[in-house]
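Before any comments, here is the structure.
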Amino acid sequence: MHIWGWLTMSEKILEVCNLSVSYGGIEAVKDISFDVERGEIVTLIGANGAGKSTTLKSIAGLVKPKQASIVFERQELVGRQPNFIVKSGVTLVPEGRRVFPNLTVKENLKIGAYLRTDNLDADIEYVYGLFPRLKEREWQLAGTLSGGEQQMLAVGRALMSRPKFIMMDEPSLGLAPLVVKDIFSIIKTINKQGITVLLIEQNANMALQVADKAYVLETGRITMSGTGAELLADPRIREAYLGKTKSAIQ
12 MHIWGWLTMS EKILEVCNLS VSYGGIEAVK DISFDVERGE IVTLIGANGA
62 GKSTTLKSIA GLVKPKQASI VFERQELVGR QPNFIVKSGV TLVPEGRRVF
112 PNLTVKENLK IGAYLRTDNL DADIEYVYGL FPRLKEREWQ LAGTLSGGEQ
162 QMLAVGRALM SRPKFIMMDE PSLGLAPLVV KDIFSIIKTI NKQGITVLLI
212 EQNANMALQV ADKAYVLETG RITMSGTGAE LLADPRIREA YLGKTKSAIQ
């Protein structure tokens, strides 16, 4: 088994305290605090514009907060450059895949390891083991892949940095239901192999099914939190985010 993290009971791997982010005069995130324990899958759910993506970008160093303390493995990340944060073990799978369309699958994977100087072959084979379709399309240009294959490539590229903590921004967006099920199965597999996951999802039903812990963001504030099961059963959540759809992950 390819394990890149070490699980410790009740150890906070990430602590976000008093995070506030503004774009011009608009406050996108309003003084939120939450934590993630090592080995968990944690999900942030909420409507478009609630501040979910901004939260992930702040952790990744791509957005400068107005105020915050963001501590990863007892190390403050606020003010650090994105490459330092990646090197620390934090990586982001961005919304919309963002693969390099004119590079091959293999070249895209290698870009995910741009900070590494060791041999990449074993990790490339590990990614191909998770996503056999990427192996079949190893020399295909990423721009010619289907949406689902591009999402697999985006996740695989993030794994090439050997993260301890992976953030995923809307991994199921625009994908067919069967592909969504595959992506969520991979999220669970990655997590079982020692990588902590912070997930943003419009598909709240699927996200809450896999999540150990969940937070609800509404207009930049955390309004509810609990285990994934607790929020899945909450009638307010069902009415606001789940509708009448129901799906199960095997």
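Just so we're aligned, residue 12 is where the sequence shown starts under the numbering used here, counting upward by one. Here a beta-carbon is modelled for each residue, glycine too, at the ideal position from N, C-alpha and C.
The Cβ atoms of S80 and V89 sit closer than 8 Å to each other.
The residue from N113, E181 and I177 with its alpha-carbon nearest to that of V47 is I177.
Note on geometry: alpha-carbon atoms of V138 and L186 lie some 20 Å from one another. Closest in C-alpha terms to T230, from the list S33, E26, E22 and L25, comes S33. With a minimum length of 3 residues, the unbroken runs of beta strand (DSSP E) contained wholly in the stretch 83-166 fall at 101-104.
Every beta strand (DSSP E) of 3 residues or more that sits fully in the stretch 51-76 is shown, in chain order, as 52-56. DSSP places E241 inside the alpha helix (DSSP H), whose first and last residues are G239 to A244.
When DSSP reads this structure, M217 sits in no beta bridge, so it has no partner. K175: not part of any alpha helix (DSSP H); DSSP gives it neither H nor E. Within the model, the alpha-carbon separation for V227 versus N216 is close to 13 Å.
The alpha-carbon of P76 is positioned some 16 Å away from that of L25.
When the alpha-carbon of L114 is set against those of I122, G57 and G107, the nearest one is in I122. 8 Å or more divides the Cβ of E160 from the Cβ of E181. Taking the Cα of N59 as reference, the smallest distance to any Cα among F45, A39, G72 and G158 is reached at A39. D132 is classed as exposed because its beta carbon has fewer than 16 other beta carbons within 10 Å across all chains shown. When the alpha-carbon of T102 is set against those of D223, G62, V116 and A124, the nearest one is in A124.
Collapsing the DSSP output to three states places L30 in a strand.
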